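Colleague: As given, the protein sequences belong to chains P and A, one line each in that order.
First residue of the first sequence? That's 2 in our numbering, and the numbers climb one at a time after it.
First residue of the second sequence? That's 2 in our numbering, and the numbers climb one at a time after it.
I'd like to ask some things about the structure below.
There are 2 protein chains.
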Amino acid sequence: MIKNENLKNGVIFPRGAKNDAYAKYFIGQSYLQGLVADSKIDVGVGNVTFEPSCRNNWHIHHDGYQILLVTGGEGIYQEEGQPARHLVAGDVIVTHDGVKHWHGATSNSWFSHVAITAGTPEWLEPVDDIQYQKAEEDFK
Amino acid sequence: MIKNENLKNGVIFPRGAKNDAYAKYFIGQSYLQGLVADSKIDVGVGNVTFEPSCRNNWHIHHDGYQILLVTGGEGIYQEEGQPARHLVAGDVIVTHDGVKHWHGATSNSWFSHVAITAGTPEWLEPVDDIQYQKAEEDFK
Chain P
2 MIKNENLKNG
12 VIFPRGAKND
22 AYAKYFIGQS
32 YLQGLVADSK
42 IDVGVGNVTF
52 EPSCRNNWHI
62 HHDGYQILLV
72 TGGEGIYQEE
82 GQPARHLVAG
92 DVIVTHDGVK
102 HWHGATSNSW
112 FSHVAITAGT
122 PEWLEPVDDI
132 QYQKAEEDFK
Chain A
2 MIKNENLKNG
12 VIFPRGAKND
22 AYAKYFIGQS
32 YLQGLVADSK
42 IDVGVGNVTF
52 EPSCRNNWHI
62 HHDGYQILLV
72 TGGEGIYQEE
82 GQPARHLVAG
92 DVIVTHDGVK
102 HWHGATSNSW
112 FSHVAITAGT
122 PEWLEPVDDI
132 QYQKAEEDFK
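Printed below as a string of structure tokens:
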């Protein structure tokens with residue numbers, strides 16, 4: 002059974018359109034609603050919604066950071082060399098400069114977070130099915 | 002009738018404790034739950050909940066900015082010399098460096114927002130009852 006399908010309608014913030022701009026850095030369908038993109042502000046803010054099993058590639062924020070504010074559903078966050086974490090609404094993640102990581106939905110739930118991002122992302126290899134299944138086993 | 006009393010229990014993020022640290026810069030009771038306070042990150046993130054009629058003093062963010070992500074209830078945002086704005090869940094406010102402003106709940110509703118703040122605040126005079134009532138009339 003798929004959980005939290007109501008996230009298709011957004012949680013507080015709009016779900017946004019299909020995230021075509023970043024699709025090449027994701028496995029599965031994600032949606033992006035920009036919330037802040039302002040030349041005078043050194044962070045960008047966006048609401049990202051992931052369908053079940055959708056996740057982004059491994060990536061690094063250089064000369065910056067990322068903060069995730071989890072708004073709904075169930076997700077996964079993993080830093081390289083660390084066990085995966087299970088995320089639910091209200092969880093907050095800080096990814097420091099230079100840390101390789103990925104995030105996405107669990108296999109049986111939609112997931113959404115607000116992302117506050119500074120610096121320049123470097124997109125790396127996808128999280129393949131074996132890595133993804135192992136990540137889910139870390140918290141089951 | 003007071004609206005959105007459920008915000009007393011938090012919206013996604015915890016309501017937090019009474020905001021004693023900043024009480025001298027507020028009229029009325031606010032609550033603060035810190036979400037990110039990290040020496041490696043140049044913004045602070047917190048969830049602020051306002052009881053009805055609660056508002057902060059006029060203030061300025063120097064060498065920085067503030068982003069408000071409205072999570073629930075009904076609120077007010079005003080920049081000096083501008084009409085007040087009525088805020089509801091999903092609204093996003095960006096306050097630029099040096100802009101004098103205040104925010105708070107409407108007189109008949111609880112209100113909550115996540116605040117992302119950079120720089121140094123300068124706290125100024127309170128929003129007195131006459132200013133507050135006039136602000137509410139701006140959008141009624």
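We treat Cβ as the ideally placed atom computed from N, Cα and C, and that holds for glycine.
Predicted model only: the values in this text are computed from it and were never measured.
#1: Report the residue from A:R56, A:E52 and A:L88 whose alpha carbon sits nearest the alpha carbon of D129 (chain A).
#2: Could you name the residues that DSSP lists as bridge partners for K141 (chain A)?
#3: Which term fits A136 (chain P), buried or exposed, when burial requires 16 or more other beta carbons within 10 angstroms of its beta carbon?
#4: Out of curiosity, what's the CA-to-CA distance linking G91 (chain A) and I94 (chain P)?
#5: Below 9 Å between beta carbons: does that hold for F51 (chain P) and Q30 (chain P)?
#6: Under 9 Å between C-beta atoms, does D43 (chain P) make it to chain A?
#7: With which residues is V46 (chain A) paired in a DSSP beta bridge?
#8: Do you know whose CA, among A:L88, A:H87, A:V89 and A:Y78, lies nearest K101 (chain A)'s CA?
#9: Note down the Cα distance separating V46 (chain P) from T72 (chain A), rounded to an integer number of angstroms.
#10: Is there a Cβ of chain A sitting closer than 9 Å to that of P84 (chain P), yes or no?
#11: For G74 (chain P), which of P:A38, P:N20 and P:S108 has the nearest alpha-carbon?
#12: When Cβ atoms are compared, which residues of the segment 63-97 of chain P fall closer than 9 Å to chain A?
#13: Please say whether H60 (chain A) and Y26 (chain A) have beta carbons closer to each other than 9 Å?
#14: Check whether chain P comes within 9 Å of V115 (chain A), counting only Cβ atoms and requiring the distance to be less than that.
#15: For Q83 (chain P), is the classification buried or exposed, using 16 other Cβ atoms within 10 angstroms of its Cβ as the cut-off for buried?
#16: Note down the Cα distance separating Y32 (chain A) from H97 (chain A), rounded to an integer number of angstroms.
#17: Residues bridged to N58 (chain P) by DSSP?
#18: Using a Cβ cut-off of 9 Å, pull out every chain P residue sitting near L8 (chain A), in sequence order please.
Modeller: The answer reads as follows:
#1: A:R56
#2: Its beta-bridge partners do not exist; DSSP assigns none.
#3: buried
#4: 21 Å
#5: Yes.
#6: yes
#7: A:V37 and A:I117
#8: Across the set A:L88, A:H87, A:V89 and A:Y78, the C-alpha of A:Y78 shows the shortest separation from the C-alpha of K101 (chain A).
#9: It is roughly 15 Å from the alpha-carbon of V46 (chain P) to the alpha-carbon of T72 (chain A).
#10: Chain A, which has no Cβ nearer than 9 Å to the Cβ of P84 (chain P), makes this no.
#11: Restricting attention to P:A38, P:N20 and P:S108, the CA atom closest to the CA of G74 (chain P) is found in P:S108.
#12: Y66, I68, L70, V71, T72, G73, A90, G91, V93, V95 and H97
#13: yes
#14: yes
#15: exposed
#16: If you take the alpha carbons of Y32 (chain A) and H97 (chain A), they lie about 24 Å apart.
#17: N58 (chain P) pairs with nothing; no bridge assigned.
#18: Going along chain P, no residue has its Cβ under 9 Å from L8 (chain A), so there is no contact; the nearest lies around 12 Å.
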